[in-house]
Amino acid sequence: DAKTTQPPSMDCAEGRAANLPCNHSTISGNEYVYWYRQIHSQGPQYIIHGLKNNETNEMASLIITEDRKSSTLILPHATLRDTAVYYCIVRSYNQGGKLIFGQGTELSVKP
Amino acid sequence: DAGVIQSPRHEVTEMGQEVTLRCKPISGHDYLFWYRQTMMRGLELLIYFNNNVPIDDSGMPEDRFSAKMPNASFSTLKIQPSEPRDSAVYFCASSLRTGPGGTQYFGPGTRLLVL
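Chains D and H supply the protein sequences, listed in that same order. Counted from 1, the first sequence has number 13 at position 13 by my numbering; the numbering is strictly sequential. Counted from 1, the second sequence has number 1085 at position 85 by my numbering; the numbering is strictly sequential.
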């Protein structure tokens, strides 16, 4: 399984864009990049996933570099409710149901 | 939709006692997952089921842990006998399918404290 590297913590001002980086330099061709987040004391929540094209949904945008070795999750207008631990996960289609969570990035959105 | 339902939400027990955690997945979901979260080890997958059949139990820590899924709407995770190191938050999740589109939906978790 490709491993991911994320900064342990980040701060963001409320209303500004939060850009969360993830390094996955050993990613293979059939592996997708997933992002989940965990708000304190809650279960993890799916945000977005992608293979090689940039993706956008109502929660966030995912930008994957052309060589696929890194990606950035963008929360366009962060709110206090976005304060959470954000997990970047790499998983292949054939990996079944396994989600291997690393330590994630603890994002603090400040007023 | 009520989402994934777990019970109890909190459990305090004494070492050596049997503990049973329960999960009701989202209706229609074919996959059910049990995770454990601790400060030391983070979030780790214990076992998952597809159509009520265990597919991968490689994360189950030892024989004291067992999981069953008698039907599509119910699963249990049992610890017998429990030990203080089993104290953790246990999450259940379900999904329609695995693969790229298989979003996992997590329950609120059961916070277990073994004294």
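Built from N, CA and C at the ideal position, the CB exists for glycine as well.
inquiry  = Buried or exposed for alanine 60 (chain D), going by 16 or more other Cβ atoms inside 10 Å?
reply    = Counting Cβ neighbours within 10 Å, alanine 60 (chain D) comes out buried, since at least 16 surround it.
ask   = Along the chain, where does the beta strand (DSSP E) that runs through aspartate 1056 (chain H) open and close?
value = Per DSSP, the unbroken beta strand (DSSP E) holding aspartate 1056 (chain H) starts and ends at 1053-1056.
query = Mapping DSSP to helix, strand and coil, what is leucine 99 (chain D)?
reply = In the structure shown, leucine 99 (chain D) sits in coil (DSSP, three-state: anything other than H, G, I, E or B).
task = Using DSSP bridges, identify the partner residues of asparagine 1071 (chain H).
result = DSSP, once it has assigned bridges, lists H:Phe1074 as partnering asparagine 1071 (chain H).
request  = Could you check if proline 1084 (chain H) is buried or exposed, using at least 16 other CB atoms within 10 Å of its CB as the buried criterion?
outcome  = Counting Cβ neighbours within 10 Å, proline 1084 (chain H) comes out exposed, since fewer than 16 surround it.
ask   = Beta-carbon of threonine 1103 (chain H) versus every beta-carbon of chain D: anything under 8 Å?
value = Taking CB atoms only, threonine 1103 (chain H) has a neighbour in chain D less than 8 Å away.
Residue closest to glutamine 1037 (chain H), alpha-carbon to alpha-carbon, out of H:Tyr1090, H:Ser1095 and H:Leu1096 = Glutamine 1037 (chain H) has its Cα closest to that of H:Tyr1090, out of H:Tyr1090, H:Ser1095 and H:Leu1096.
Cutoff 8 Å: leucine 1096 (chain H) Cβ touching any chain D Cβ = No, because no Cβ of chain D sits closer than 8 Å to the Cβ of leucine 1096 (chain H).
message = Using only the alpha-carbon positions, how far apart do serine 1027 (chain H) and threonine 56 (chain D) sit?
response = Spanning the two alpha carbons is a distance of roughly 27 Å.
inquiry  = For glutamine 1080 (chain H), count the other beta carbons within 10 Å of its own beta carbon; 16 or more makes it buried, fewer makes it exposed. Which is it?
reply    = The residue in question, glutamine 1080 (chain H), is exposed, as its Cβ has fewer than 16 Cβ neighbours within 10 Å.
inquiry  = In the DSSP assignment, the beta strand (DSSP E) including aspartate 11 (chain D) goes from what residue to what residue?
reply    = Unbroken beta strand (DSSP E) run through aspartate 11 (chain D): 9-13.
task = Using a Cβ cut-off of 8 Å (strictly closer), state whether glycine 43 (chain D) contacts chain H.
result = With its beta carbon less than 8 Å from one in chain H, glycine 43 (chain D) belongs to the interface.
request  = Identify every residue that forms a DSSP beta bridge with leucine 1045 (chain H).
outcome  = According to DSSP, leucine 1045 (chain H) bridges with H:Tyr1035.
task = Taking a Cβ distance cut-off of 7 Å, strictly less, list which residues of the region 1042-1066 of chain H are near chain D, in chain order.
result = Legend: CB atoms of the region 1042-1066 of chain H lying less than 7 Å from CB atoms of chain D belong to residues Gly1042, Leu1043, Leu1045, Tyr1048, Ile1055 and Asp1056.
query = Looking only at its own chain, which residues have a Cβ that is under 6 Å from the Cβ of histidine 1010 (chain H), when we skip the five neighbours before and after it?
reply = When the five nearest sequence neighbours on each side are left out, the beta carbons in the same chain lying within less than 6 Å of the beta carbon of histidine 1010 (chain H) are those of Arg1111, in order along the chain.
query = Using the C-alpha atoms, what's the distance from arginine 1097 (chain H) back to tyrosine 1048 (chain H)?
reply = When rounded, the distance between both Cα atoms is 12 Å.
ask   = Which residues in chain D sit within 9 Å of proline 1108 (chain H), going by Cβ to Cβ distance?
value = By Cβ distance, chain D contributes Ser41, Gln42 and Gly43.
message = Can you check whether the C-beta of tyrosine 46 (chain D) is within less than 8 Å of a C-beta belonging to chain H?
response = Answer yes: the Cβ-Cβ gap between tyrosine 46 (chain D) and chain H drops below 8 Å somewhere.
message = For a cutoff of 8 Å on Cβ pairs, would you count phenylalanine 1074 (chain H) as touching chain D?
response = No, phenylalanine 1074 (chain H) does not count as interfacial toward chain D.
ask   = Among D:Ala18, D:Thr5 and D:Tyr46, which residue has its Cα nearest to the Cα of leucine 73 (chain D)?
value = Answer by Cα proximity: D:Ala18.
Closer than 8 Å to chain H by CB, lysine 3 (chain D) = For lysine 3 (chain D), the answer is no, since every Cβ of chain H falls outside 8 Å of its Cβ.
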